[in-house]
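To keep things clear, I will list the structure first and then write my remarks on it.
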Amino acid sequence: MEKLVIEGGFPLKGEVKVSGSKNAALPILAAMLLTDEPCVIRNVPKLRDTSTMLKLLRSLGKTVDVIDDKVTILTKGEINYIADYKLVSTMRGSFCVLGPLLGKLKKAKVSLPGGCVIGVRPVDLHLKGIKALGAKLEVDGGYVLATTKGLKGAHIYLGGVFGSSVLATANVMMAAVLAEGETIIESAACEPEIEDLTNCLIAMGAKIEGKGTPRIRITGVKSLHGVSYEIIHDRIEAGTYILLAAMTRSNITIVNGCYQHLMALTDVLEQAGVNVISDGNNVKVKVKGGLQPVSVNTYPYPGFPTDLQAQFMALMAVTPGVSIITDKVYPDRFIHIAELNRMGANIRREGMCSIVQGIPVLKGAPVMASDLRASAALVIAGLAAKGKTEIHRIYHLERGYENLDQKLSMLGAKIRREKE
Ligand code: EPU
């Protein structure tokens with residue numbers, strides 16, 4: 000195991016390039032199960048999670064070839080309908096092979112993903128939507144077995160207690176594209192990653208209207224064809240660099256900065272006194288004077304993303320005054336509070352909220368990464384903090400940030416990996 004050692008407390012400068020979107024890549028790679036024809040997907044980030052999805056595709060019988068960010072997927076034999084526990088349990092995104100396997104093969108057996116440190120994360124909405132399309136479902140031995148004589152379009156309400164669901168929308172859409180007749184998904188997730196999946200499915204011959212809106216209308220087709228498709232850039236990676244620049248007062252150019260997908264973040268930052276400027280593809284961050292505390296609630300897109308909550312909390316931790324941060328998507332996603340407090344932050348949790356009393360400066364400390372975005376928050380906190388921060392269990396970061404330490408080193412960060 001490795002740890003990250005960071006000497007922080009000074010500004011960075013230069014240019015950093017945002018990679019392809021992890022959360023767009025995962026369902027788009029799963030969508031390759033919907034066709035037997037060759038497919039090429041570009042801008043696929045090299046991450047632990049995308050490599051797990053490629054392993055899963057191989058285990059299901061696809062031939063996968065990776066050159067840099069280009070993935071070629073071929074079908075040379077039979078496709079297997081069983082998605083194994085070992086691969087699905089390590090990454091929840093794998094559960095979205097259920098819809099395409101069922102749509103294509105009329106049966107799918109997919110391991111239930113289980114909970115994780117950010118909360119229970121049920122799959123009831125996925126199952127509700129798949130069932131509405133006419134599948135018979137059985138849960139046995141930790142697996143969902145879905146079978147059908149032929150899926151039929153349906154009118155489905157997919158909202159849950161916490162709003163829309165990203166992967167449930169992806170799963171149901173991918174099952175519905177090959178179903179007979181029309182499917183309407185109400186309260187569909189509007190995240191750019193779902194829009195990207197929709198664009199890819201349309202490029203494969205699917206008939207879908209209402210992309211990027213909460214009402215998606217799908218007219219089933221008999222089959223989908225191969226595709227050559229380029230995935231969007233990762234708005235959460237871009238948002239993490241924006242927050243890093245604000246926190247360390249760095250003059251950084253963020254290339255492929257996803258400005259149009261980050262309005263909820265840039266609006267809140269504007270209120271805090273951080274100016275985020277875009278000239279199209281590039282994003283720059285300017286901080287004039289001191290920052291103001293701003294309270295934030297996370298919501299599904301276009302609301303403030305839960306995947307930037309921890310990193311935003313790191314910024315508020317060094318913003319004088321009080322801010323209240325509430326996670327309406329994952330009310331338990333607060334494990335980073337204890338670790339930020341180890342660095343001197345003054346944050347306490349009260350139910351769904353965390354109350355952040357800003358302090359002038361964080362101090363480096365040994366801390367433990369608990370999940371992907373919490374780890375990112377600790378990295379930016381470490382870069383802003385005075386002194387040395389050691390981040391343990393950094394394998395979480397490798398799930399979602401491509402070459403993070405190399406990219407930060409290029410900006411002049413003093414960051415290195417050491418053996419534990
Ligand atoms: N939910 C249900 N029932 C369901 C599905 C979800 O109650 O059947 C609840 C969840 O427990 C949560 C809320 O609905 O409270 C939203 O969850 P959602 O289903 O949208 O999450 P997800 O699709 O499993 C994706 C991302 C997450 C991101 C969330 C929210 C992928 C692979 N993962 O997860 O990304 O936090 O949407 O935007 O797309 C990350 O990248 O670090 C990450 C966790």
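Heads up, the final residue of the sequence shown is numbered 419 in numbering that gives the first Met the number 0, and it's a clean run with no missing numbers.
Ideal Cβ placement from N, Cα and C applies to all residues, glycine included.
**Asked** Cβ of residue 195 within 8 Å of any heavy atom in the ligand EPU?
**Response** Reading the sequence shown from its first residue, position 196 is the one you call residue 195. Taking non-hydrogen atoms of the ligand EPU into account, the C-beta of residue 195 is found less than 8 Å away from none of them.
**Message:** Any contact between the stretch 220-229 and the stretch 237-257? By contact I mean 3 or more CB pairs, one from each, below 8 Å.
**Reply:** no
**Asked** If you measure from the CB of residue 399, is any heavy atom of the ligand EPU nearer than 8 Å?
**Response** Taking the sequence shown and counting its residues from 1, one reaches residue 399 at position 400. Yes - the ligand EPU has a heavy atom lying nearer than 8 Å to the Cβ of residue 399.
**Asked** Which whole-angstrom value describes the C-beta separation of residue 150 and residue 102, a residue pair presumed to lie in contact below a C-beta threshold of 8 Å?
**Response** Mapped onto the sequence shown, residue 150 falls at position 151. Mapped onto the sequence shown, residue 102 falls at position 103. Rounded, the Cβ-Cβ distance is 6 Å, consistent with contact.
**Message:** Taking the alpha-carbon of residue 76 as reference, which of 90, 56, 288 and 270 has the nearest alpha-carbon?
**Reply:** Here residue 76 refers to the residue found at position 77 of the sequence shown. When only C-alpha atoms are compared, the closest one is 56.
**Message:** Tell me whether the stretch 411-418 and the stretch 40-50 touch, counting them as touching only if at least three CB pairs, one residue from each stretch, are closer than 8 Å.
**Reply:** no
**Prompt:** Closer than 8 Å: is that where the CB of residue 335 sits relative to any heavy atom of the ligand EPU?
**Reply:** Walking along the sequence shown from the start, residue 335 turns up at place 336. Because no heavy atom of the ligand EPU lies under 8 Å away, the Cβ of residue 335 does not count as near it: no.
**Message:** To the nearest angstrom, how far is the alpha carbon of residue 229 from that of residue 18?
**Reply:** Within the sequence shown, the letter at position 230 stands for residue 229. Within the sequence shown, the letter at position 19 stands for residue 18. Spanning the two alpha carbons is a distance of roughly 12 Å.
**Request:** Mind checking who residue 348 pairs with in its DSSP beta bridge?
**Result:** As a working note, residue 348 is residue 349 in the sequence shown. In the DSSP assignment, the residues bridged to residue 348 are 353.
**Request:** Quick one: measure Cβ to Cβ for residue 367 and residue 338, integer angstroms, because I've assumed they're closer than 8 Å.
**Result:** To locate residue 367, count along the sequence shown from 1; it is residue 368. To locate residue 338, count along the sequence shown from 1; it is residue 339. So it is a contact: roughly 6 Å between Cβ atoms.
**Message:** Which residue marks the beginning of the beta strand (DSSP E) containing residue 45, and which one marks its end?
**Reply:** Reading the sequence shown from its first residue, position 46 is the one you call residue 45. Unbroken run through residue 45: none, as it is neither H nor E.
**Asked** Where in the stretch 125-189 do unbroken runs of the alpha helix (DSSP H), each at least 4 residues long, occur, reported from the N-terminal end onward?
**Response** 165-175
**Asked** With distances taken between CB atoms, is the gap from residue 347 to residue 372 smaller than 9 Å?
**Response** As a working note, residue 347 is residue 348 in the sequence shown. As a working note, residue 372 is residue 373 in the sequence shown. Their beta carbons are not under 9 Å apart, which means residue 347 does not touch residue 372 by this criterion.
**Prompt:** Any idea which residues DSSP pairs residue 365 with across the strands?
**Reply:** Residue numbering aside, residue 365 sits at position 366 when the sequence shown is read from its first letter. 389, per the DSSP bridge assignment.
**Message:** For a minimum of 3 consecutive residues, which ranges assigned as the beta strand (DSSP E) are wholly contained in the stretch 200-281?
**Reply:** 206-208, 214-218, 227-229, 250-254 and 273-277
**Prompt:** In angstroms, rounded to a whole number, what distance separates the CA positions of residue 73 and residue 32?
**Reply:** Numbered from 1 along the sequence shown, position 74 holds the residue referred to as residue 73. Numbered from 1 along the sequence shown, position 33 holds the residue referred to as residue 32. If you take the alpha carbons of residue 73 and residue 32, they lie about 10 Å apart.
**Message:** On a Cα-Cα basis, can you pick out the residue from 171, 6 and 264 that is closest to residue 303?
**Reply:** In the sequence shown, the residue the question calls residue 303 occupies position 304. For the set 171, 6 and 264, the Cα lying nearest the Cα of residue 303 is the one of 264.
**Item:** Inter-residue spacing [alpha-carbon to alpha-carbon] between residue 301 and residue 173
**Value:** Position 302 of the sequence shown, counted from the start, is the residue given in the question as residue 301. Position 174 of the sequence shown, counted from the start, is the residue given in the question as residue 173. Roughly 22 Å separates the two Cα atoms.
**Request:** Rank 365, 146 and 161 by C-alpha distance to the C-alpha of residue 298 and give the top, closest one.
**Result:** Within the sequence shown, numbered from 1, the residue matching residue 298 stands at position 299. Out of 365, 146 and 161, 161 has the C-alpha closest to the C-alpha of residue 298.
**Asked** In chain order, what residues of the same chain lie with their CB nearer than 6 Å to the CB of residue 53, ignoring the 5 residues before and after it?
**Response** Here the question's residue 53 lines up with position 54 in the sequence shown. Answer for residue 53: 63, listed in chain order.
**Item:** Per DSSP, the bridge partner or partners of residue 3
**Value:** For the purposes of this step, residue 3 is taken as the residue at position 4 of the sequence shown. DSSP, once it has assigned bridges, lists 390 and 416 as partnering residue 3.
**Item:** Beta-carbon contacts of residue 225 that lie in its chain and below 7 Å, excluding the five residues immediately before and after
**Value:** Along the sequence shown, read from residue 1 onward, the residue named residue 225 stands at position 226. For residue 225, where only same-chain residues beyond five positions count, the Cβ hits under 7 Å are 34, 36, 37 and 38.
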